[in-house]
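**Q** Before we start, here is the structure in question, set down as structure tokens.
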């Protein structure tokens, strides 16, 4: 899954308009980033990439770019 597709999948998961996320956003600034979103993110990554995201690493994520890195998606555009 490339960066653009992953960002679009995150937009959909967080119920944002397509193209909203760029990767620079702080997770704390996203109203939809809550405990349900965390679980959904783990499931999304597993489904789309087969990568198992470790909870400890996810807890350290501060930006959407951090999520991209955890998912194995390219961080840079």
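In full-length UniProt numbering, the protein residues as written are 1 to 77. Using N, Cα and C, we set each Cβ at its ideal position, and we do this for glycine too.
1) Given this structure, state the Cα-to-Cα distance separating residue 23 from residue 32, to the nearest angstrom.
2) Hey, does residue 14 have any beta-carbon neighbour from chain B nearer than 9 Å?
3) If we count the other Cβ atoms within 10 Å of its Cβ and call it buried at 16 or more, is residue 36 buried or exposed?
4) Cutting at 7 Å between CB atoms, please list the residues of its own chain near residue 57, excluding the five before and the five after it.
5) Bridge partners of residue 9, per DSSP?
6) Run through the DSSP bridge pairs and tell me what residue 63 is partnered with.
**A** Reading from the atomic positions:
1) Between the alpha carbons of residue 23 and residue 32 lies a gap of roughly 15 Å.
2) Within the model displayed, chain B is absent; a lone protein chain is all it includes.
3) By the neighbour-count rule (16 or more Cβ atoms within 10 Å), residue 36 is not buried but exposed.
4) Taken in chain order, the residues that qualify are 70.
5) Residue pairing by DSSP leaves residue 9 without any beta bridge partner.
6) Looking at the DSSP assignment, residue 63 forms a beta bridge with 26.
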